[in-house]
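Reviewing the structure listed below.
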Amino acid sequence: MKYVLLLIPCVLALLTPLYNRVDPVLFGLPFFYWYLLLLVPLSSLFVYLAWKVESR
Amino acid sequence: MIDNLDWTATAVFVFFFALVTIVGFVAARWQSGDLSQLHEWGLGGRRFGPWITWFLLGGDLYTAYTVIAVPGVMYAVGAYGFFAVPYTILIYPLIFLIMPRLWNVTHRHGHLTGADFIAGRYGNRWLELAVAFTGILATMPYIALQLVGMEKVIQALGFQGSGIASHLPLTIAFIILALYTYKSGLRAPAMIAFVKDIMIYVFVIAAVIVIPAKLGGYGAVFDGAKAAFDAKIAAATAAGNPAPAIGLTLAPSQTWLFVSLSIGSAMALFMYPHAMTGTLAASSPHVIRRNAVTLPAYSLVLGLIALLGLMALAAGIKVTDPQQAVPLLVRQMFPSWFAGFCFAAIAIGALVPAAVMSIGAANTFTRNIWKPFIEPRISPEKESFLAKLMSLIVKLGALVVIIWLPTKFALDLQLLGGVWMLQIFPAVVAGLYTRWFSGWALLAGWAAGMLAGSYLCWGPTALVTAVPIFGTTFYIGLVALAINAAVAVVITAVVPGRAADETRAADYEDAARAR
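Chains C and Z, in that order, are what the protein sequence lines are.
Mind the numbering: the first sequence is residues 1 to 56 in our numbering, read in order.
Mind the numbering: the second sequence is residues 1001 to 1515 in our numbering, read in order.
Shown next as structure tokens:
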């Protein structure tokens, strides 16, 4: 379980076909940029969940 | 030499630099320990809690060079430079998984470096030497690049000069750094990291609000950057050259390179001696786990810093050296006093990693090269003294590289450094989970990876990081790592290792659960 939780953000960060495009634009930022920036806090959340699962 | 100096900016710059110098010397007294012991000088007595570790590791991750170079790549080619973001996303799951195990085992056996662990695990001095040598070799150009970052902002203050005189401010800054690192050890960068980070946050928050506002919003920033890229492509095609792979998104030829470079860089980062030093100085494995959750705050800042490169394009800043893009953007967009503040933040951002790097390299030299091969019965006091001395020599070496050799040399070595660092990954990380591999097989794998990696990087005109395979392009570091791992697996399968292993399975688990 811990390993899956850690793997998800990694896969999401490397799946370039998913995010290598301009649309939809958010606040003027192309998708490519805001997707990756949004993924940063999200990845932190996944690591936190893995920690919770582990220390249970 | 100083005719074009921006005096207001320079005064602010010097003020903040003086401030951190005082902090650096005062740090010796903080959480005081006996600095004649290596683990006190070089690991801060292993008493760093979650906050200090956060600042210290964060300081390793985004350095003066990062602040200058990442937006520089964005300025030059666009989306490809944004690999810094997926790269830093991959780092934390990796740290969460492997570093607590390394912390546990090194703590239990009194190891101070990654190579110490290797020696204990595989009972092979030559593998220990290979790991230590790789770390020191890759760290030197890294320190040199911190100086490059510092020099770019000093130039942007308007300081000009020729010959040796042009390096005078940098030399002064570096002597100061060398002296307080010598005196205070790891406590100095840990304390300075507080000041540096607050300054960097202020700079970045101001930059991502004020600069786009001046340029007409983020939409205008990206439109402007796109127009600049399109113009470059049009110019290249008109001249009869192939269109360069630049733009707001990745070209098809770049996607695998983007992915493999992110993976390879993330795997290499925590193999560097300075990153290990920062991690092993933590007071418990929980501190490391907590940091794996909270450190991504830095990645966010790094992503925003990267965008400064596109802002420079949109603002119409024209430079031949992309590394000048951010300093010039700051000077154009902010009043002098705030530009001085930003430049000080970047320059101080060079001090923290440069200090930790020189300490990491010095610890490694003392423990894994000098002690086992030259003076096995060294006293603890002499060990600490030798490391202090070594930290000076390492920094001096970096300074000499910057002053006497072209910057490109340091850049090329840094590029190779990442490829080299990856080659100790199998020994360190596999070693944390299994003792199946034999030390000699890992050593042969390391040698194969080092040779293959360096050879593939060597282009006819310049060093490159990419190699074409199966019609697409990959990061050379990962390719060399695959060769390395294959060699290690085959040799171990044929000749299993029988050397002594001083660690036990329980050493890798958290103390509470093991007992």
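Backbone N, C-alpha and C fix where the C-beta goes; we use that ideal spot for every residue, glycine too.
Where residue i and residue j are concerned, what is the direct C-alpha to C-alpha distance, given to the nearest angstrom?
i	j	result
Tyr1122/Z	Pro1212/Z	55 Å
Ala1268/Z	Leu1422/Z	5 Å
Ala1485/Z	Leu1442/Z	8 Å
Phe1270/Z	Trp1446/Z	17 Å
Val1012/Z	Ala1511/Z	49 Å
Gly1349/Z	Val1490/Z	44 Å
Leu29/C	Gly1219/Z	7 Å
Met1276/Z	Arg1029/Z	24 Å
Leu1389/Z	Tyr1182/Z	8 Å
Arg1513/Z	Trp1054/Z	For Arg1513/Z, the pLDDT reaches just 48, beneath the cut-off of 50, and the residue's location in the model is therefore unreliable, leaving the point undetermined.
Phe1025/Z	Ala1188/Z	7 Å
Leu1157/Z	Thr1010/Z	6 Å
His1286/Z	Leu1295/Z	14 Å
Cys10/C	Leu18/C	13 Å
Gly1340/Z	Ala1144/Z	23 Å
Glu1040/Z	Leu1186/Z	8 Å
Thr1249/Z	Lys1232/Z	15 Å
Gly1449/Z	Ile1022/Z	44 Å
Leu1481/Z	Pro1426/Z	8 Å
Leu1057/Z	Ile1136/Z	19 Å
Leu1019/Z	Phe1409/Z	33 Å
Tyr1062/Z	Tyr1298/Z	8 Å
Give the secondary structure of residue i by DSSP, where H, G and I count as helix, E and B as strand, and everything else as coil.
i	result
Thr1492/Z	helix
Arg1515/Z	In this prediction, Arg1515/Z has a pLDDT of 39, which is less than 50 and means its spatial position is unreliable; nothing more can be read from the coordinates.
Ala1282/Z	strand
Ala1225/Z	helix
Tyr1272/Z	coil
Ile1200/Z	helix
Val1319/Z	coil
Leu1170/Z	helix
Ala1466/Z	strand
Leu14/C	helix
Leu1257/Z	helix
Thr1472/Z	strand
Leu26/C	strand
Gly1309/Z	helix
Gly1216/Z	coil
Gly1240/Z	coil
Gly1247/Z	strand
Arg1331/Z	helix
Thr1277/Z	helix
Asn1004/Z	coil
Thr1191/Z	First, the amino acid is wrong: residue 1191/Z is Met here, not Thr. Looking at Met1191/Z - three-state DSSP - the assignment turns out to be helix.
Gln1146/Z	helix
Thr1134/Z	helix
Given that a residue counts as buried once 16 or more other Cβ atoms are within 10 Å of its Cβ, and exposed if not, what is residue i?
i	result
Phe1015/Z	exposed
Tyr35/C	buried
Gln1160/Z	exposed
Val1131/Z	buried
Gly1217/Z	exposed
Tyr1475/Z	buried
Gly1042/Z	buried
Met1/C	exposed
Thr1320/Z	exposed
Phe1334/Z	buried
Thr1237/Z	exposed
Glu1502/Z	exposed
Thr1434/Z	exposed
Asp23/C	exposed
Leu15/C	exposed
Asn1241/Z	exposed
Asp1230/Z	exposed
Phe1373/Z	exposed
Ile1175/Z	exposed
Arg1515/Z	Summary for Arg1515/Z: the model assigns pLDDT 39, below 50, so the residue's position carries little reliability; its value from the coordinates is reported in the next sentence. Arg1515/Z should be labelled exposed.
Asn1004/Z	exposed
Can you give the beta carbon distance from residue i to residue j, rounded, assuming they're within the 8 Å contact cut?
i	j	result
Gly1072/Z	Gly1309/Z	6 Å
Gln1254/Z	Ala1266/Z	So it is not a contact: roughly 18 Å between Cβ atoms.
Thr1113/Z	Thr1364/Z	5 Å
Trp1256/Z	Thr1472/Z	5 Å
Pro1301/Z	Val1204/Z	As written in the sequence, residue 1301/Z is Val, which differs from the Pro given in the question. Contact holds; Cβ gap of about 5 Å.
Is residue i near the ligand GTP, judged by its Cβ being under 7 Å from some heavy atom?
i	result
Phe1270/Z	You won't find the ligand GTP in this model; it holds no ligand whatsoever.
*Would you mind listing the alpha helix (DSSP H) stretches within the stretch 1379 to 1464 of chain Z that are 4+ residues and don't spill past its ends, in chain order?*
List check, alpha helix (DSSP H) in window: 1380 to 1404, 1407 to 1422 and 1439 to 1457.
*Taking the runs of the alpha helix (DSSP H) that are 4 residues or longer, which of them lie wholly in the stretch 1006 to 1069 of chain Z?*
Entirely contained in the stretch 1006 to 1069 of chain Z, the alpha helix (DSSP H) runs reaching 4 residues are, in chain order, 1007 to 1026, 1038 to 1043 and 1050 to 1061.
*Only counting runs of 3 or more residues, tell me where the beta strand (DSSP E) segments fall wholly within the stretch 1073 to 1128 of chain Z, in order along the chain.*
Fully enclosed beta strand (DSSP E) runs of 3 or longer: not present.
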